[in-house]
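Here's the structure, in structure tokens; my notes come after.
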Amino acid sequence: MVDVTIRGAGIFGLSIAWECLTKGASVRVIDPNGVGAGASGGLLGALAPHVPENWNEKKARQFDSLMAAEGFWQDVAEWARIETSYGRLGRVQPLKDEHAVELARGREASARELWQGKAVWRVCDAAELGGFVPKSLTGLFAYDTLSARLFPRQACKALAAAIVARGGLIDSEGAGEGKTVWATGVHDLERMSEQLGRPVGNAVKGQGALLEFDAGDAPQIFADAVHVVPHWNGTVAIGSTSEREFDQPFASDEKLDAVLEKAFDALPELRSAKVLERWAGLRPRAKSRAPMLGAHPLEDGAFIANGGFKIGFGMASDVARMMAELVLNQTDTIPAEFRPEASL
Numbered sequence: 405m406v407d408v409t410i411r412g413a414g415i416f417g418l419s420i421a422w423e424c425l426t427k428g429a430s431v432r433v434i435d436p437n438g439v440g441a442g443a444s445g446g447l448l449g450a451l452a453p454h455v456p457e458n459w460n461e462k463k464a465r466q467f468d469s470l471m472a473a474e475g476f477w478q479d480v481a482e483w484a485r486i487e488t489s490y491g492r493l494g495r496v497q498p499l500k501d502e503h504a505v506e507l508a509r510g511r512e513a514s515a516r517e518l519w520q521g522k523a524v525w526r527v528c529d530a531a532e533l534g535g536f537v538p539k540s541l542t543g544l545f546a547y548d549t550l551s552a553r554l555f556p557r558q559a560c561k562a563l564a565a566a567i568v569a570r571g572g573l574i575d576s577e578g579a580g581e582g583k584t585v586w587a588t589g590v591h592d593l594e595r596m597s598e599q600l601g602r603p604v605g606n607a608v609k610g611q612g613a614l615l616e617f618d619a620g621d622a623p624q625i626f627a628d629a630v631h632v633v634p635h636w637n638g639t640v641a642i643g644s645t646s647e648r649e650f651d652q653p654f655a656s657d658e659k660l661d662a663v664l665e666k667a668f669d670a671l672p673e674l675r676s677a678k679v680l681e682r683w684a685g686l687r688p689r690a691k692s693r694a695p696m697l698g699a700h701p702l703e704d705g706a707f708i709a710n711g712g713f714k715i716g717f718g719m720a721s722d723v724a725r726m727m728a729e730l731v732l733n734q735t736d737t738i739p740a741e742f743r744p745e746a747s748l
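Following the numbering used here, the numbering of the sequence shown begins with 405 at its first residue and continues without gaps.
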């Protein structure tokens with residue numbers, strides 16, 4: 405018998421399993437498709453914060469999680485003994501006009517207050533940023549030191565290795581034992597919507613590409629609504645789309661071509677880089693647009709961790725902490741907007 409069964413080996417399931425193990429519980433993760441087989445097996449890995457303004461509980465929780473991420477992934481690396489791919493290297497955003505510059509300068513002040521001096525948001529020029537810099541019509545950029553990068557597949561691989569090294573089990577099948585956490589993404593959102601007779605959440609298709617280009621430890625870039633993320637292994641990931649309607653959920657198409665073209669316009673040196681992979685997959689978006697954490701609406705006595713959507717990797721450490729406290733100690737620190745009731 406184990407204390408906790410986690411159904412789903414994506415970023416939420418693995419992170420919660422890891423946190424439960426660190427608190428002394430015995431854990432089994434069950435996923436018939438293997439580690440990181442769904443949305444968590446993508447390419448991008450942009451751990452980027454919300455802008456430092458109009459502060460709310462969701463933004464505060466994301467900030468706390470991004471600040472805790474470095475320690476979280478260091479612990480994983482020590483047990484896994486393989487690269488996690490985590491790096492808090494910041495983010496660069498070109499400022500297209502004077503209005504954007506004024507807005508960015510205003511956020512410098514709000515970041516000092518809201519980010520508590522632990523990270524910086526500032527306006528700078530290309531000379532301050534190094535060589536991997538996109539075009540900017542004003543010659544200026546918003547740069548923050550809170551954003552981090554994480555290659556999703558490698559991060560899941562490292563988490564799985566750490567879980568096993570610490571005595572946890574990862575299986576493709578098995579009965580639930582002890583307390584159960586459902587972290588099965590799109591599948592569970594669709595199941596709840598069908599059984600409850602109303603939309604609880606939905607799948608959103610995302611597309612991205614991986615290029616052979618070594619940008620070293622350059623910051624990630626957000627330009628013209630496109631993410632460009634240099635990874636530790638001499639690759640650069642580009643993405644991503646957010647498609648509510650689609651015919652082929654796992655096929656890339658002309659929408660990814662358009663994303664790539666925007667990236668090439670911003671960073672012409674990428675145009676000649678070899679495309680190693682094109683990826684498409686479905687990300688779980690809860691109706692509330694926030695993670696769905698707490699008691700499972702359909703499974704009596706069980707728990708749910710779902711709705712990571714675009715911020716699953718960035719929120720992983722805080723989600724893991726809140727869920728482990730709830731499952732193991734019945735200590736509930738989950739904010740109202742993160743509860744399943746917010747999407748029901």
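Where is the CB? At the ideal position from N, CA and C, for every residue including glycine.
Nothing here was measured: the structure is a model prediction, and the numbers come from that model.
What residues in its chain sit with their C-beta under 6 Å from that of residue i, if we drop five residues either side in the sequence?
i: residue 411; result: 434, 586 and 588
i: residue 677; result: 615, 616 and 617
i: residue 464; result: none
i: residue 415; result: 444, 716, 717 and 720
i: residue 668; result: 674 and 675
i: residue 440; result: 557 and 560
i: residue 724; result: 419, 420 and 423
What does DSSP give as the partner residues of residue i in its beta bridges?
i: residue 479; result: Bridge partners of residue 479: none, in fact.
i: residue 696; result: 710
i: residue 526; result: 547
i: residue 610; result: 685
i: residue 626; result: 631
i: residue 643; result: 612 and 631
i: residue 583; result: 408
i: residue 605; result: 690
i: residue 537; result: In DSSP, residue 537 forms no bridge with anything.
i: residue 496; result: 547 and 625
i: residue 450; result: 553
Please confirm whether residue i and residue j have their CB atoms less than 9 Å apart.
i: residue 450; j: residue 553; result: yes
i: residue 597; j: residue 604; result: yes
i: residue 815; j: residue 700; result: Beyond the ends of the chain as shown, which are 405 and 748, falls residue 815; an answer cannot be given.
i: residue 544; j: residue 508; result: yes
i: residue 420; j: residue 728; result: yes
i: residue 650; j: residue 688; result: no
i: residue 634; j: residue 742; result: no
i: residue 630; j: residue 690; result: no
i: residue 628; j: residue 666; result: yes
Work out the CA separation of residue j and residue i for me, nearest whole Å.
i: residue 538; j: residue 626; result: 9 Å
i: residue 522; j: residue 447; result: 28 Å
i: residue 409; j: residue 706; result: 10 Å
i: residue 540; j: residue 654; result: 34 Å
i: residue 572; j: residue 428; result: 11 Å
i: residue 479; j: residue 488; result: 10 Å
i: residue 574; j: residue 475; result: 24 Å
i: residue 534; j: residue 641; result: 19 Å
i: residue 458; j: residue 636; result: 33 Å
i: residue 417; j: residue 709; result: 8 Å
i: residue 664; j: residue 746; result: 36 Å
i: residue 606; j: residue 703; result: 19 Å
i: residue 431; j: residue 407; result: 6 Å
i: residue 524; j: residue 624; result: 15 Å
i: residue 647; j: residue 657; result: 12 Å
i: residue 498; j: residue 602; result: 41 Å
i: residue 562; j: residue 643; result: 23 Å
i: residue 594; j: residue 600; result: 10 Å
i: residue 438; j: residue 504; result: 44 Å
Considering only residues of the same chain and omitting the five flanking positions on each side of residue i, which have a CB-CB separation below 8 Å?
i: residue 565; result: 483, 484, 485 and 486
i: residue 568; result: 574
i: residue 652; result: 684
Can you list, in chain order, the residues of its chain with a C-beta nearer than 7 Å to that of residue i? Leave out the 5 residues immediately preceding and following it.
i: residue 526; result: 512 and 547
i: residue 467; result: 453 and 519
i: residue 726; result: 697, 737 and 738
i: residue 711; result: 605, 688, 689, 690, 694, 695 and 696
- [ ] Decide yes or no for the touch test of the segment 720 to 735 against the segment 673 to 690: beta carbon pairs closer than 8 Å, at least 3 of them.
- [x] no
Task: Segment contact flag, the segment 576 to 584 with the segment 527 to 535, C-beta cutoff 8 Å, min 3 pairs - done: no
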